[in-house]
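If you want our numbering, it's the position in the sequence shown, counting the first as 1, plus 14. Working notes, structure below.
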Amino acid sequence: MKLGIGIGWRPEIAAEVEALTGVDWVEVVAENLCADHLPDSLVRLRERGVTVVPHGVSLGLGGADRPDAERLAGLAARAELLGTPLVTEHIAFVRAGGPLTASPRLEAGHLLPVPRTWDALEVLCENVAIAQDALPVPLALENIAALVSWPDEELTEGQFLAELVERTGVRLLIDVANLHTNHVNLGQDPAKALDELPVEAIAYVHVAGGVEKNGVWHDTHAHPVTAPVLDVLAELRSRVDPPGVLLERDDAFPPGAELAAELETIRGTLRAAGGPSGTERRNTGPRRGTPAPTRPGARDRTAVAQTALLSALVAGTPAPEGFDHRRLRVQSRALAAKRADVVAKVAPELPEILGDGYRAAFLDYARTRPMSDGYRRDALDFVERILVHGGLPDPVAQRRLTHWWEDRSGPRPPSRTTRIVRAARAALAGK
């Protein structure tokens, strides 16, 4: 299906997206939609004939666990609601631990890279097959950006993607900004990856901005698209005429005129690159590694490896052997910073109550408290920690924080935290 030129729809720029001309389709984060109701802006876009594609971020198809049936059902419901021609997700893991490793469940709150090994490929392919059976429309999977690489990988990125497509028939969502990120951070050649992957399987392409700090490229989606990313887009266009190309922006949203200018730059890059038109050129470079025989226990081995990495990143356990310790520290800080930012969005009252001290307090909390059940639970756990460990010096702020926690903690047996909070509230009321 030919999608054309699109942009990521976000509530913060809903009006700007509606006003843009020449936008053929939009992509929306699936988890940000209700399963039975669309925002008015998306309703209006659909009435105009604009295709809306749901883009999932929480399935974790590259994880050791089989896909969660409830999450799959939710993604399927959103696909039905939108009448979309396809849904997309990521080649990543987002959680680890649990029954497979007899250890606490850990959430990354972020997309983490899958080891490019035969074990991980086997697990991913089985998970993809489960997802495909549960979804009403075709699935496409996105390559991700990474700050760290796994030791002892057995396939290149292009080989891994080619094997995935061959075994499952899944489509690909190629993010050229992520290819550039992995070039800067991991030394991987985008042109080689494009030569090795099956370009005929591409459903569409992502383009996004980022920034380089201290030799590390951060895929922020909060900066303008840079020339090196556009160069990778041109490389891809020289090999295939992609069915769709989409601009992503997730933060620091610019005025509509700047978004329109970036879209026009993308159109110009595609025109200037030329290349195949109408029919895709199949790559003739090396695509396959040497297949390893299927071995029992691939899922268990993948679970142990992913849990060890995630625990090092979010719980301060020793780094697994073979990883770059400096890069792990960078990734760990990035995960904590993202947690702070997302909690501030889902619970905006907390930065307001805590003021300038919010970020430092949250990062101190995150250093010893891994996320285990999503950002809203994370916000509650953060506030519980403050209330249990002495509260706030300002009685007004303390009262507001206590009320906030009580309003959202929900009915449950009075735990030690609940008793402490109630005692603190009673003490304040007696002053």
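C-beta: ideal position from N, C-alpha, C; glycine also.
Practice prompt. Below 8 Å CB to CB, which residues in the same chain sit around Thr279 once its five sequence neighbours on both sides are set aside?
Written response: On the sequence shown, position 265 is the one that residue 279 refers to. Answer for Thr279: Val239, Leu244, listed in chain order.
Worksheet item: Mind checking Glu77: buried by the 16 CB within 10 Å criterion, or exposed?
Response: As a working mapping, residue 77 is identified with position 63 in the sequence shown. The residue asked about is misnamed: residue 77 is Gly in this sequence, not Glu. With 16 or more Cβ atoms within 10 Å of its Cβ, Gly77 is classed as buried.
Discussion item. If contacts are defined as beta-carbon pairs under 8 Å, then Ala145 and Leu75 qualify, I think. What distance do you get, rounded to the angstrom?
Written reply: To locate residue 145, count along the sequence shown from 1; it is residue 131. To locate residue 75, count along the sequence shown from 1; it is residue 61. Contact check for Ala145 and Leu75: beta-carbon distance about 6 Å, within the 8 Å limit, so the pair qualifies.
Worksheet entry | Cβ contact (3+ pairs, closer than 8 Å) linking the region 181 to 199 and the region 214 to 227 | Here the region 181 to 199 makes contact with the region 214 to 227; the two share three or more CB pairs at distances below 8 Å.
Practice prompt. Buried or exposed for Thr195, please, with buried defined as at least 16 other CB atoms from any protein chain shown within 10 angstroms of its CB.
Written response: Reading the sequence shown from its first residue, position 181 is the one you call residue 195. Buried, because 16 or more other Cβ atoms sit within 10 Å of the Cβ of Thr195.
Discussion item. So, with DSSP's three-state summary, where would you put Pro118?
Written reply: As a position in the sequence shown, residue 118 is number 104, starting the count at 1. Here Pro118 sits in strand by DSSP.
Practice prompt. Return the CA-CA distance between Arg13 and Ala49, expressed in angstroms with no decimal places.
Written response: The chain is shown only over 15 to 445; residue 13 falls outside these bounds and no answer can be derived.
Worksheet item: When the distance is taken between beta carbons, is Leu208 closer than 8 Å to Ala384?
Response: Reading the sequence shown from its first residue, position 370 is the one you call residue 384. Reading the sequence shown from its first residue, position 194 is the one you call residue 208. Note that residue 384 corresponds to Pro in the displayed sequence, not to Ala. Contact: no.
Discussion item. If I follow the unbroken beta strand (DSSP E) through Trp132, where does it start and stop?
Written reply: Indexing the sequence shown from 1 puts residue 132 at position 118. Per DSSP, Trp132 lies in no beta strand (DSSP E); the unbroken alpha helix (DSSP H) holding it starts and ends at 132 to 148.
Item to complete: Report, in whole angstroms, the separation of the C-beta atoms of Asn157 and Leu178, which I expect to be a contact under 8 Å.
Response: Along the sequence shown, read from residue 1 onward, the residue named residue 157 stands at position 143. Along the sequence shown, read from residue 1 onward, the residue named residue 178 stands at position 164. Contact flag wrong, Cβ pair sits at about 10 Å.
Worksheet item: Taking Leu260 as the reference, which of Val230, Ile216, Ser325, Arg85 has the closest Cα?
Response: Sequence index remark: in the sequence shown, residue 260 carries index 246 (1-based). Closest option to Leu260, judged by alpha-carbon separation, among Val230, Ile216, Ser325, Arg85: Ile216.
Worksheet item: When the Cα of Pro152 is compared with those of Asp133, Pro129, Val184, which residue comes out closest?
Response: Counted from its first residue, the sequence shown places residue 152 at position 138. Nearest C-alpha to Pro152 among Asp133, Pro129, Val184: Val184.
Item to complete: Using a threshold of 8 Å, state whether the C-beta atoms of Ala248 and Ala286 are closer than that.
Response: As a working mapping, residue 248 is identified with position 234 in the sequence shown. As a working mapping, residue 286 is identified with position 272 in the sequence shown. Pairing Ala248 with Ala286 gives a Cβ-Cβ distance under 8 Å.
Worksheet entry | Close beta carbons around Ala350, own chain, < 6 Å, minus the five adjacent residues each side | Sequence index remark: in the sequence shown, residue 350 carries index 336 (1-based). Leu377, Ala380, listed in sequence order.
Worksheet item: What are the residues that DSSP puts in a beta bridge with Ala6?
Response: Residue 6 is absent from the model: the chain starts at 15 and stops at 445.
Item to complete: Entirely within the region 29 to 92 and at least 4 residues each: give me those alpha helix (DSSP H) ranges in chain order.
Response: At a cut-off of 4 residues, the continuous stretches assigned as alpha helix (DSSP H) that sit fully inside the region 29 to 92 are 54 to 61.
Worksheet item: Counting Cβ pairs closer than 8 Å, one from the region 312 to 330 and one from the region 110 to 124, do we hit at least three?
Response: Yes, the region 312 to 330 is in contact with the region 110 to 124.
Practice prompt. With DSSP collapsed to three states, give me the class of His1.
Written response: The chain is shown only over 15 to 445; residue 1 falls outside these bounds and no answer can be derived.
Fill in: Straight-line Cα distance separating Leu126 from Arg315
By 1-based counting over the sequence shown, the position of residue 315 is 301. By 1-based counting over the sequence shown, the position of residue 126 is 112. Going by the C-alpha atoms only, they are around 17 Å apart.
Worksheet item: In the structure shown, what three-state DSSP assignment does Gly369 receive?
Response: Mapped onto the sequence shown, residue 369 falls at position 355. Here Gly369 sits in helix by DSSP.
Worksheet item: Taking Trp419 as the reference, which of Pro409, Leu401, Leu406, Pro407 has the closest Cα?
Response: On the sequence shown, position 405 is the one that residue 419 refers to. When only C-alpha atoms are compared, the closest one is Leu401.
Worksheet item: Which residues in the same chain as Pro307 place their Cβ atom closer than 6 Å to its Cβ, once the five residues preceding and following it in sequence are excluded?
Response: Indexing the sequence shown from 1 puts residue 307 at position 293. Model confidence at Pro307 stands at a pLDDT of 49, short of 50, so the residue's coordinates are unreliable and nothing is read from them.
Discussion item. Under 8 Å, with one C-beta from each stretch per pair, do the region 89 to 104 and the region 161 to 174 reach the 3-pair mark?
Written reply: The region 89 to 104, when compared against the region 161 to 174, does not touch it at the 8 Å Cβ threshold.
Item to complete: Check whether the Cβ atoms of Ala317 and Thr131 sit closer than 8 Å, and answer yes or no.
Response: In the sequence shown, the residue the question calls residue 317 occupies position 303. In the sequence shown, the residue the question calls residue 131 occupies position 117. It is not a contact, given that the beta carbons lie outside the stated cut-off.
Worksheet entry | Start and end residues, alpha helix (DSSP H) containing Gly112 | Here residue 112 is taken as the residue at index 98 of the sequence shown, counted from 1. Going by DSSP, Gly112 is part of no alpha helix (DSSP H) but of the beta strand (DSSP E) stretching over 107 to 112.
Worksheet entry | Option nearest Gly111 by Cα separation, candidates Pro129, Leu86, Leu323, Ala83 | Taking the sequence shown and counting its residues from 1, one reaches residue 111 at position 97. Distances from the CA of Gly111 to each of Pro129, Leu86, Leu323, Ala83 were compared; the closest alpha carbon is that of Leu323.
Practice prompt. Quick one: measure Cβ to Cβ for Gly282 and Ser252, integer angstroms, because I've assumed they're closer than 8 Å.
Written response: Here residue 282 refers to the residue found at position 268 of the sequence shown. Here residue 252 refers to the residue found at position 238 of the sequence shown. That pair is no contact at about 15 Å.
Discussion item. Between Arg60, Val162, Val31, which has its C-alpha nearest Ala348's C-alpha?
Written reply: Locating residue 348 in the sequence shown gives position 334, counting from the first residue. Ranking Arg60, Val162, Val31 by Cα distance to Ala348 puts Val162 first.
Worksheet entry | Rounded C-alpha distance that separates Ala106 from Leu138 | Indexing the sequence shown from 1 puts residue 106 at position 92. Indexing the sequence shown from 1 puts residue 138 at position 124. If I take the Cα positions, the gap works out to 9 Å.
Worksheet entry | Boundaries (first-last residue) of the beta strand (DSSP E) holding Val230 | One-based indexing of the sequence shown puts residue 230 at position 216. Per DSSP, Val230 belongs to the beta strand (DSSP E) from 230 to 232.
Discussion item. Using only the alpha-carbon positions, how far apart do Pro113 and Ala83 sit?
Written reply: One-based indexing of the sequence shown puts residue 113 at position 99. One-based indexing of the sequence shown puts residue 83 at position 69. About 16 Å.
Worksheet item: Secondary structure at Ile27, three-state DSSP: helix, strand or coil?
Response: Position 13 of the sequence shown, counted from the start, is the residue given in the question as residue 27. Note: Ile27 maps to helix in three-state DSSP.
Worksheet entry | Neighbour-count burial assignment, Gly22, 16 or more Cβ in a 10 Å radius | Indexing the sequence shown from 1 puts residue 22 at position 8. It is buried - the Cβ of Gly22 has at least 16 other Cβ atoms within 10 Å.
Worksheet item: The beta strand (DSSP E) with Ala217 in it runs from where to where?
Response: Counting from one through the sequence shown, the residue named residue 217 turns up at place 203. Element bounds for Ala217: 216 to 221.
Discussion item. Buried or exposed for Val254, going by 16 or more other Cβ atoms inside 10 Å?
Written reply: The count along the sequence shown starts at 1 and reaches residue 254 at position 240. Counting Cβ neighbours within 10 Å, Val254 comes out buried, since at least 16 surround it.
Fill in: Nonlocal neighbours in the same chain, by C-beta distance under 8 Å from Arg58, ignoring five residues either side
Working through the sequence shown from its first residue, we reach residue 58 at position 44. When the five nearest sequence neighbours on each side are left out, the beta carbons in the same chain lying within less than 8 Å of the beta carbon of Arg58 are those of Glu32, in order along the chain.
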